[in-house]
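Quick note: the sequence shown uses the numbering used here, first residue 133, plus one each step.
Report on one structure; see the data block that follows.
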Amino acid sequence: MIHTINPAALNRYANAYAKHTCDTFFSQQDSVSGKDMVSFTDIPQVNYLILFKLFTNWKQEAGRLQSPYFDYSQDEVKSALENLMNTLSRFIMVKQEAFEPLVADAVSATIELLLSPRNQFVSILKYIDFEPLTIQRLQDHTRYIRINRTVWESLIAQLQSTGLESSDVLSLDKAIAVLEDILTSEEITLDDPEEYIAQFSALVPLEVSELEKIEEEKKPEPEKTVSTSGSFFDTLGDDLPVSSQEKVVKPLPKIQPKTEPLPVENKSTETKPIENQPIESKPIITPELPPVALNVIHEVKAEDVKVDIEEFAKAANKPLVSVLSVKKKMEETTLNDTLNKDLTTLNEKLRKEDSTFIEKAQNQPITSIKDALNLNQKYYFINSLFGGDNIAFAQAIYELEQTKDMDTAMKLLQVKYAHSLGWDLQSEEYIAFIDVIERKFIS
């Protein structure tokens, strides 16, 4: 068993295997159906993980249907939405460009479940913990596990032996601790990898030695995309055979001040050198100036200036009535300007107060990043930052929860996620994500 796998090597093999199988299948058909997926490859675990990836996308689609304008908590709405999603699940049709990444991701997970089961089982637990982690949800997930299934079943049995009910919420840390005890126990026998390696190699040669960890790289995330009454996924049973499974931080570019050369006057005349001529020195005469009082500002107020209207009219050669009319208009303009200025000041004050209120709400400390995110925020970050990959998002949140300060959290994001996922560090979604994380470390 390999405890650590080189993600780059695993990714290369998974992509090659997915391309080979998809090219073969889609040379005969335009789309793959849900029924086709159950037997898409000769390795049941790969097929069931393809369906699992599709199932996660199916749940995301249901979440995206919700709108702030309607009440989705009503039983009638819930029933109609469930019927819609179940109907959609019975009409699965996927093109090659969307299906091939699902196959590659399923192949990667299958090989990891076979050669490094601890990592894959922990990833599955973290995904399930995206919603409340219960024994019932662990049992529901059993249908997708074929390799090293005894490990998963032992995990459920040991958790039940502690007195937990199926609906009781348990902590992720406790589930991982029990899992690790099982994997180190002598009572558990893991499945023999050789049988599966031979099945993989029948299509694309698989060398286990090439999968040993050599460098730190992030596994790329995949593109994600029966009965007549229930969901297609509910029909997945146990009828298939069960087996005998820090990057360099890229800093933001510094903004360099622009320096432009000073304009140079073009002189049309040439300066001729002066040869052998004595330089005549003339005394520099500095005129005496009266002393100037520094830092003295004389303020002239409008009310201090007295203007006689009649004299002004004579000087301007205008009738007195015309001058008074101009004066009245000037006073009206001044009054309007004053009112507009007061109104602008009031609006600015209100905006400032609203902004201050929002900032205070956003700056409220939180104890858990996962609990602070509502469903819409979770889907927003999953789709905009994690390429629609629930598991990658759950993994990131779990790791962020373990960090002790904001510096450590930022380093984790930049080293492990920002570069490999191609995040724009000035985008709205990235800034919003960082704002949530910062609230965990407000003291």
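C-beta: ideal position from N, C-alpha, C; glycine also.
(message) Which residue wins for smallest C-alpha separation from T156, given the options Q509, P337, T274, Q228?
(response) Position 24 of the sequence shown, counting from 1, holds the residue named residue 156. That would be Q228, whose Cα lies nearest to the Cα of T156.
(request) Out of K185, I569, Q271, A524, state which residue places its alpha-carbon closest to the alpha-carbon of G540. (result) Taking the sequence shown and counting its residues from 1, the one referred to as residue 540 is at position 408. Checking the sequence shown, residue 540 turns out to be Thr, not Gly. The shortest C-alpha separation from T540 is found at I569.
(request) Please state whether DSSP places T266 in a helix, a strand or coil. (result) Taking the first residue of the sequence shown as position 1, residue 266 is located at position 134. Reduced to three states, the DSSP call for T266 is strand.
(message) What would DSSP say about S165, mapped onto helix, strand or coil?
(response) Indexing the sequence shown from 1 puts residue 165 at position 33. Strand.
(request) List in chain order: all unbroken alpha helix (DSSP H) runs of 4+ residues lying wholly within the segment 237-263. (result) 249-260
(request) Might you give, ordered along the chain, the residues of its own chain that have their beta carbon closer than 7 Å to the beta carbon of Q292, omitting 5 neighbours on each side? (result) Taking the sequence shown and counting its residues from 1, the one referred to as residue 292 is at position 160. Same-chain partners within the cutoff: I267.
(message) On the DSSP letters alone, give me the boundaries of the alpha helix (DSSP H) that I279 sits inside.
(response) Sequence index remark: in the sequence shown, residue 279 carries index 147 (1-based). Premise fails: I279 is in no alpha helix (DSSP H) and is neither H nor E.
(request) Note down the Cα distance separating A250 from L315, rounded to an integer number of angstroms. (result) Taking the first residue of the sequence shown as 1, we reach residue 250 at position 118. Taking the first residue of the sequence shown as 1, we reach residue 315 at position 183. Note on residue identity: the sequence assigns Arg, not Ala, to residue 250. The alpha-carbon atoms of R250 and L315 are separated by roughly 7 Å.
(message) Tell me the DSSP secondary structure of V301 in three-state form.
(response) Stepping through the sequence shown from its first residue, residue 301 is reached at position 169. Residue state, collapsed to three classes: strand.
(message) If you reduce the DSSP assignment to three classes, tell me which class E312 lands in.
(response) Numbered from its first residue, the sequence shown carries residue 312 at position 180. Here E312 sits in helix by DSSP.
(request) Tell me, please, whether the segment 332-346 touches the segment 134-154 by the rule of three or more beta-carbon pairs shorter than 8 Å. (result) yes
(request) Please look up how many angstroms separate the CB atoms of Y253 and L322, rounded, as I've assumed it's under 8 Å. (result) Working through the sequence shown from its first residue, we reach residue 253 at position 121. Working through the sequence shown from its first residue, we reach residue 322 at position 190. According to the sequence as given, residue 253 is Phe; it is not Tyr. Incorrect: roughly 11 Å between the Cβ atoms, too far for contact.
(request) Return the CA-CA distance between K510 and L183, expressed in angstroms with no decimal places. (result) Sequence index remark: in the sequence shown, residue 510 carries index 378 (1-based). Sequence index remark: in the sequence shown, residue 183 carries index 51 (1-based). The alpha-carbon atoms of K510 and L183 are separated by roughly 22 Å.
(message) Taking the beta carbon of Q177 as the centre, do at least 16 other beta carbons fall within 10 Å, making it buried, or is it exposed?
(response) If you number the sequence shown from 1, residue 177 lands on position 45. Buried, since its Cβ has 16 or more Cβ neighbours within 10 Å.
(request) Could you tell me if M169 is buried or exposed, where buried requires 16 or more neighbouring beta carbons within 10 angstroms of its beta carbon? (result) In the sequence shown, residue 169 corresponds to position 37, counting from 1. So M169 ends up on the buried side.
(message) Quick check: what's the CA-CA separation for Y562 versus K548?
(response) Here the question's residue 562 lines up with position 430 in the sequence shown. Here the question's residue 548 lines up with position 416 in the sequence shown. The alpha-carbon atoms of Y562 and K548 are separated by roughly 15 Å.
(message) Please tell me whether L245 and N280 are closer than 8 Å, where the distance is taken between their beta carbons.
(response) By 1-based counting over the sequence shown, the position of residue 245 is 113. By 1-based counting over the sequence shown, the position of residue 280 is 148. Yes, the Cβ-Cβ distance between L245 and N280 is below 8 Å.
(message) Please classify R278 as buried or exposed, where buried requires at least 16 other C-beta atoms within 10 Å of its C-beta.
(response) Translated into positions along the sequence shown, residue 278 becomes position 146. So R278 counts as buried.
(request) Measure the C-alpha to C-alpha separation of F202 and I501 and round it to an integer number of angstroms. (result) Translated into positions along the sequence shown, residue 202 becomes position 70. Translated into positions along the sequence shown, residue 501 becomes position 369. If you take the alpha carbons of F202 and I501, they lie about 27 Å apart.
(message) Strictly by DSSP, which residues pair up with M225?
(response) One-based indexing of the sequence shown puts residue 225 at position 93. Bridge partners of M225: S165.
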